[in-house]
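Engineer: Chains as they are written, first to last, in my numbering: chain A, 2 to 596; chain B, 16 to 388.
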Amino acid sequence: MAAPKKGRRAPASQGHPGRTLILVLIAMAGLIGGMFYSGTLTPRLGIDLAGGTSFTLAAQNQPGKPNAINETNMNTAAGIMERRVNGLGVTESEVQTQGSNHIIVNIPKGTDAKQARQQVGTTAQLGFRPVLTTTAGTKTPEPKPSPSSKGGANGKGKGDKAAGDQAKNTPGTQQNASSSPTPGSKPTTQGRAVTDSLKKAPSAKPTPSGPAKPSTPPAPTPPGGADIPPALQKQLNALDCSTKKSRAAAGEKAANTKPSDPVVACKDDGSQKYVLGPVGVEGTDVSSAKAVFDSQQGQGWIVQMDFTSEGGKKFADVTGKLASKAPPQNQFAIVLDGAVVSDPRVNERLNGGNATISGGFTQQSAEDLGNMLSYGALPLSFKIDDETTVTAALGGEQLHAGLIAGAIGLALVVIYLVAYYRGLALVALASLGVSAVLTYTIMTLLGPAIGFALNLPAVCGAIVAIGITADSFIVYFERIRDEIREGRTLRPAVERGWPRARRTILVSDFVSFLAAAVLFIVTVGKVQGFAFTLGLTTVLDVVVVFLFTKPLMTLLARRKFFSEGHSWSGLDPKRLGAKPPLRRRRGAAPTTKEA
Amino acid sequence: MSKLGTIGARLYRGEVGYDFIGKRKIWYGLSILITIVAIVGLGVRGLNMGIEFSGGAVFTTPNTSVSASEAQHKAESAAGGHQAVVQKLGGGALRIQISGLDTKQSVPVQEELAKDLNVPVKDVNTQLVGPSWGEQIANKAWLGLGIFMVLVVLYLAVAFEWRMAVAALIALIHDLTITVGIYALVGFEVTPGTVIGLLTILGYSLYDTVVVFDSLKEASKDITKQTRFTYGEIANRSINGTLVRSINTTVVALLPVAGLLFVGGGVLGAGMLNDISLALFVGLAAGAYSSIFIATPLVADLKEREPQMKALAKRVKAKRAAAAAKGEGQEDAQDGAADAADAEDDDGTAVVGPRRQPASRNRGRGRPSGKRR
């Protein structure tokens, strides 16, 4: 894998060792510059070393499910929260259950506490429910004559709500219509809409004005419509979606309704309220979800969901049924924790096995939602009881002791290398230094980028990495020395020793990289974090040896100090016990040999 | 140092060397013994799982002026040897987590803590906590390890050969068993740090074995085209040839870890550092040892069972017998058989001049191909 690519690069480095070195130095300078630019000069430290923030979440009793708060559900919830705050395994967040109904979430210093709060506190109970009727989001004292099936309003343009009602009928003026050359996006005129990937092309014709236009005003109008039970209608009228607080209350109520019961719910921005039928497709039917940037239809950040095969079937059935109905009953609502995030209209059966939620997302919110949907809903809903800072679990003395001990160990390594390799030790130490700078800067930059945090085990792992990195140089140096023992002079020895040393380095580093890759893909939590660090140091090892150590060796081989085998160069043929005939020749005319 | 350099050269040429392969039975025996001790230790003492795996009790005290590290000592003595994790909370309160306590056991600890910290007992809030290293993490880690083992064996079988893959796997299991066993014997608590340490060893052990195998593969490339050495002898030469590298690498890898273990953990008395660096120290040492003393001899053992290698060994034996008979006559005994002979032989051709064998045949023999270019 890496071998052929590196192999191609190596001859180039032989030709221009200086250029390669400059390249590495530029990369280093760039990383250091980036570090200063981003303003983070130290890697983020884990809870054990730096402390952080601790949340205590309390599980909420759910009406109708008295035994919901049990050990199994609590453990499942802790597992899901762990994955949400620690998706890549590198943030060093910790989640544990406490008592019978609490979960503690610890996040290291410097993590966005607000985001974390949202990540762990959101239940993310997702459901696709058919819309039975809908009306504007405020309290309805009496049945309004013309609530619209769609506000046209959305996260972006709440003010257009009223206009949207009419605008909808004239596609030209529609907010989204103008921005969508592909009519396929029309069914998504709502702020947030589900579109099926398959739908985009075929749905072109029936979409914008076909059935929707004429039927819109009348359909929702009789709010006490035939199939809406009066009780629900009353609830709908009483529902107030205008304030955040009332929406939250409504959401909680809706979230606690059984999936098989109809429910009244608010749009998450308060612009609409709905009576929704039983859940057609559940969140558990979503196999994965991710945030993507939709540049084709200009919808900005959207969340793309893939259904399980069963979920795909259900989704197709539900949309097939809905497509034949008159608005607004051809809409379905995507309900997240009791709030409607999206209410797209359906024009035909959607078989694609996937769907998207679009509109009004920032990158962050889309990623968060995708993340939550992928890892699944919490089996319980939680309330944040307490939020407090915590100090480092290990205390400063551990880090301090570790640093002192590490420094002593490193000093011993330096002494050993200098004693054994003499001049060559400079190459080894310079390479280790480059490797250290690269590792440090990359880890530091990864802090803000992906939330990477270093804990004590990772620091120890980095210390072991010194050994593995140094091994690459040692393998190479021993090869060179073997070549010199064969009677070669330094320059050919450096080039001849390289292909063999290179193979050894690549083969052995590949095993390490394999371990890192497999563990990173398969595992979760701290093991995954470890795999990330291992992979990073392994790749850096290869980079440093190929782009720094080897070119540096080539350059140094041209220096007299090394090529003449000065007794302090570590390459003195005599000391290396080169073959006797050579020793004699060398002793006679050491300088002519090089020419 | 020049002496060391010379030894390196003599090792390289095979003038001196330790007979790793010949004495393998001793080392196998030693390893089996250590492994048995490790397994028995594991069986008898078991692993002392930390709070991250087993859960425990968490005590929350009211605002106190006691520092976290002081509280930690007190908590550990109150808990009777269990490890305590102490964190200071925002309002000056302490959160003390102690592993291995259930509801009943936590009551006396709570009282003891209250006394030590000089706060009323009723203000110390006690709850049980679950593991932060949940089952899911553990299960997925096992799954990942399983997949990795399969892939690495496949890779080694393709890149090298199946015998080496088997030997590397045995060496790996050997290293991990010894480390876990010693961990059980010492009785340190297993923390996530320990697990990370074990994973590091897993990577290192394989890495080291692969480096040694790489040189073995190179040395044994054209083995059937010569009749001087059996596979075992070639393997032995190859180990000796890379011995300097093995020693240097091990020293460089072990020195910092030794610093952590003996200075950081021992002298400065840092708790968690001990856990990790002990696992690392034992594992790294075992990893370096097993590559040379276990993995390579195992490959030689497996390899010598091959009919091809058996035939080779026969040819070598026959040739040696003939040479010995001849050597007794008059010629120098160099061609006798000893490993050292080869290098001397090469030198000899250069210095002494032509001898009864064509020099070109000697030159290519027993040498890695790279040098012929």
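Cβ coordinates follow ideal geometry from the N, Cα and C atoms, glycine included.
If you run the structure through DSSP and keep just helix, strand and coil, what is B/I233?
Structural biologist: Walking along the second sequence from the start, residue 233 of chain B turns up at place 218. Checking the sequence shown, residue 233 of chain B turns out to be Glu, not Ile. Three-state DSSP puts B/E233 in a helix.
Engineer: To the nearest angstrom, how far is the alpha carbon of B/S292 from that of A/C461?
Structural biologist: On the second sequence, residue 292 of chain B is found 277 positions in, with the first residue counted as 1. On the first sequence, residue 461 of chain A is found 460 positions in, with the first residue counted as 1. Between B/S292 and A/C461, the C-alpha separation is close to 7 Å.
Engineer: Note down the Cα distance separating B/K130 from B/A83, rounded to an integer number of angstroms.
Structural biologist: Residue numbering aside, residue 130 of chain B sits at position 115 when the second sequence is read from its first letter. Residue numbering aside, residue 83 of chain B sits at position 68 when the second sequence is read from its first letter. In a straight line, the C-alpha of B/K130 is about 16 Å away from that of B/A83.
Engineer: Of the residues that make up the stretch 460 to 486 of chain A, which ones have a beta carbon closer than 8 Å to any beta carbon in chain B?
Structural biologist: For the stretch 460 to 486 of chain A, which is checked against every Cβ of chain B, the residues closer than 8 Å are C461, G462, I464, V465, I467, G468, I469, A471, D472, I475, V476, E479, R482, D483, E484, R486.
Engineer: Using the beta-carbon of each residue, which ones in chain A are nearer than 9 Å to B/S253?
Structural biologist: Counting from one through the second sequence, the residue named residue 253 of chain B turns up at place 238. None at all; the shortest Cβ gap to chain A is about 12 Å.
Engineer: For A/T244, count the other beta carbons within 10 Å of its own beta carbon; 16 or more makes it buried, fewer makes it exposed. Which is it?
Structural biologist: On the first sequence, position 243 is the one that residue 244 of chain A refers to. It counts as exposed.
Engineer: Can you tell me which of the three DSSP states B/I162 falls into?
Structural biologist: Reading the second sequence from its first residue, position 147 is the one you call residue 162 of chain B. B/I162: helix per DSSP, three-state reduction.
Engineer: Looking at B/A303 and B/L269, is the spacing between their C-beta atoms short of 9 Å?
Structural biologist: As a first step, residue 269 of chain B must be located in the second sequence, where it is residue number 254. As a first step, residue 303 of chain B must be located in the second sequence, where it is residue number 288. Yes, Cβ-Cβ distance for B/L269 and B/A303 is below 9 Å.
Engineer: Short of 6 Å in beta carbon distance, which residues of its chain neighbour A/A494, apart from the five on each side in sequence? Order them along the chain.
Structural biologist: The residue you call residue 494 of chain A lines up with position 493 of the first sequence. I481, E484, I485.
Engineer: Please confirm if B/R260 has its CB atom under 9 Å from at least one CB of chain A.
Structural biologist: Mapped onto the second sequence, residue 260 of chain B falls at position 245. Yes - at least one Cβ of chain A is within 9 Å of the one on B/R260.
Engineer: Mapping the DSSP letters down to three states, classify B/V266 as helix, strand or coil.
Structural biologist: Within the second sequence, residue 266 of chain B is the residue found at index 251, counting from 1. Note: B/V266 maps to helix in three-state DSSP.
Engineer: If we count the other Cβ atoms within 10 Å of its Cβ and call it buried at 16 or more, is B/W177 buried or exposed?
Structural biologist: Position 162 of the second sequence, counting from 1, holds the residue named residue 177 of chain B. When all chains shown are included, B/W177 counts as exposed.
Engineer: Given that a residue counts as buried once 16 or more other Cβ atoms are within 10 Å of its Cβ, and exposed if not, what is A/K527?
Structural biologist: Start at 1 with the first residue of the first sequence, and residue 527 of chain A comes out as number 526. It is buried - the Cβ of A/K527 has at least 16 other Cβ atoms within 10 Å.
Engineer: With a 10 Å radius around its C-beta and 16 neighbouring C-beta atoms as the bar for buried, classify A/E72 as buried or exposed.
Structural biologist: On the first sequence, residue 72 of chain A is found 71 positions in, with the first residue counted as 1. Result: exposed.
Engineer: The stretch 189 to 204 of chain B: which residues have C-beta closer than 9 Å to a C-beta of chain A, in chain order?
Structural biologist: Residues passing the 9 Å Cβ filter: none.
Engineer: Note down the Cα distance separating A/T534 from A/A251, rounded to an integer number of angstroms.
Structural biologist: Stepping through the first sequence from its first residue, residue 534 of chain A is reached at position 533. Stepping through the first sequence from its first residue, residue 251 of chain A is reached at position 250. Approximately 45 Å between the Cα atoms of the pair.
Engineer: Going by other Cβ atoms of all chains shown within 10 Å of its Cβ, with 16 needed for buried, is B/F163 buried or exposed?
Structural biologist: The residue you call residue 163 of chain B lines up with position 148 of the second sequence. Burial call: buried.
Engineer: Could you compute how far the alpha carbon of A/T134 sits from the alpha carbon of A/T363?
Structural biologist: If you number the first sequence from 1, residue 134 of chain A lands on position 133. If you number the first sequence from 1, residue 363 of chain A lands on position 362. Each residue's alpha carbon lies about 29 Å from the other.
Engineer: So with CB distances below 7 Å, who are the chain B contacts of A/I409?
Structural biologist: Looking up residue 409 of chain A in the first sequence gives position 408. Within chain B, the residues near A/I409 are G274, V278.
Engineer: Going by C-alpha distance, which of B/A90, B/L171, B/V165 is nearest B/N133?
Structural biologist: Working through the second sequence from its first residue, we reach residue 133 of chain B at position 118. It is B/A90 whose Cα lies nearest to the Cα of B/N133.
Engineer: Could you name the residues of chain A that B/Y219 contacts, counting a contact when the two beta carbons are closer than 9 Å?
Structural biologist: Sequence index remark: in the second sequence, residue 219 of chain B carries index 204 (1-based). Those are V465, G468, I469, S513, listed as they occur along chain A.
Engineer: So what does A/H103 bridge to, in DSSP terms?
Structural biologist: Taking the first residue of the first sequence as 1, we reach residue 103 of chain A at position 102. For A/H103, which the question treats as bridged, DSSP gives the partners A/A59, A/Q99.
Engineer: CB-CB under 6 Å to A/Q167, same chain, minus the five flanking residues each way: which ones, in chain order?
Structural biologist: Here residue 167 of chain A refers to the residue found at position 166 when the first sequence is read from its first residue. The predicted position of A/Q167 is uncertain, since its pLDDT is 39 and thus under 50; a value taken from the coordinates is nonetheless stated next. Cβ within range, chain order: n/a, list empty.
Engineer: Below 9 Å between beta carbons is the criterion; list the residues of the stretch 91 to 108 of chain B that meet it against any residue of chain A, in chain order.
Structural biologist: Listed by position, the residues of the stretch 91 to 108 of chain B near chain A (Cβ gap below 9 Å) are V100, V101, Q102, K103, L104, G105, G106, A108.
Engineer: Go through the stretch 469 to 510 of chain A residue by residue and report every complete run of the alpha helix (DSSP H) that reaches 4 residues or more, in order.
Structural biologist: Runs of the alpha helix (DSSP H) inside the stretch 469 to 510 of chain A: none found.
Engineer: At which residue ranges does the stretch 296 to 345 of chain A contain complete beta strand (DSSP E) runs of 3 or more residues, listed in the order of the chain?
Structural biologist: Here the runs fully enclosed are 301 to 308, 333 to 337, 340 to 343.
Engineer: Have a look at the DSSP bridge pairing and note the partners of A/A137.
Structural biologist: Counting from 1 along the first sequence, the entry for residue 137 of chain A is found at position 136. Per DSSP, A/Q273.
Engineer: Specify whether the stretch 189 to 205 of chain B and the stretch 495 to 513 of chain A touch according to this definition: at least 3 beta carbon pairs, one from each stretch, less than 8 Å apart.
Structural biologist: These segments do not touch.
Engineer: Determine the burial state of A/R9: buried for a count of at least 16 other Cβ atoms within 10 Å of its Cβ, exposed for fewer.
Structural biologist: Indexing the first sequence from 1 puts residue 9 of chain A at position 8. Note that A/R9 has pLDDT 42, beneath the 50 cutoff, so the model's placement of it is unreliable and no number is given.
Engineer: Go through its chain and collect everything with a Cβ distance to A/G31's Cβ below 8 Å, but skip five positions before and after it.
Structural biologist: For the purposes of this step, residue 31 of chain A is taken as the residue at position 30 of the first sequence. Hits under 8 Å: none found.
Engineer: Below 7 Å CB to CB, which residues in the same chain sit around A/I303 once its five sequence neighbours on both sides are set aside?
Structural biologist: Along the first sequence, read from residue 1 onward, the residue named residue 303 of chain A stands at position 302. Once the five neighbours on either side are set aside, the close Cβ partners of A/I303 are V293, D295, T357, I358, S359, F362, A367.
Engineer: Would you call the CB atoms of B/F244 and B/A183 closer than 9 Å?
Structural biologist: One-based indexing of the second sequence puts residue 244 of chain B at position 229. One-based indexing of the second sequence puts residue 183 of chain B at position 168. Their beta carbons are not under 9 Å apart, which means B/F244 does not touch B/A183 by this criterion.
Engineer: Which full runs of the alpha helix (DSSP H) of 4+ residues lie inside the stretch 346 to 407 of chain A, going along the chain?
Structural biologist: Runs found: 364 to 376.
Engineer: Taking Cβ-Cβ distances shorter than 9 Å, what residues in chain B pair up with A/L46?
Structural biologist: The count along the first sequence starts at 1 and reaches residue 46 of chain A at position 45. What A/L46 touches in chain B: nothing, since even the nearest Cβ is about 14 Å away.
Engineer: Using a Cβ cut-off of 8 Å, pull out every chain B residue sitting near A/F547, in sequence order please.
Structural biologist: Walking along the first sequence from the start, residue 547 of chain A turns up at place 546. The contacting residues do not exist; A/F547 stays about 17 Å from chain B at best.
Engineer: How about B/A94 and B/V124: do their beta carbons lie closer than 9 Å?
Structural biologist: Within the second sequence, numbered from 1, the residue matching residue 94 of chain B stands at position 79. Within the second sequence, numbered from 1, the residue matching residue 124 of chain B stands at position 109. Contact: yes.
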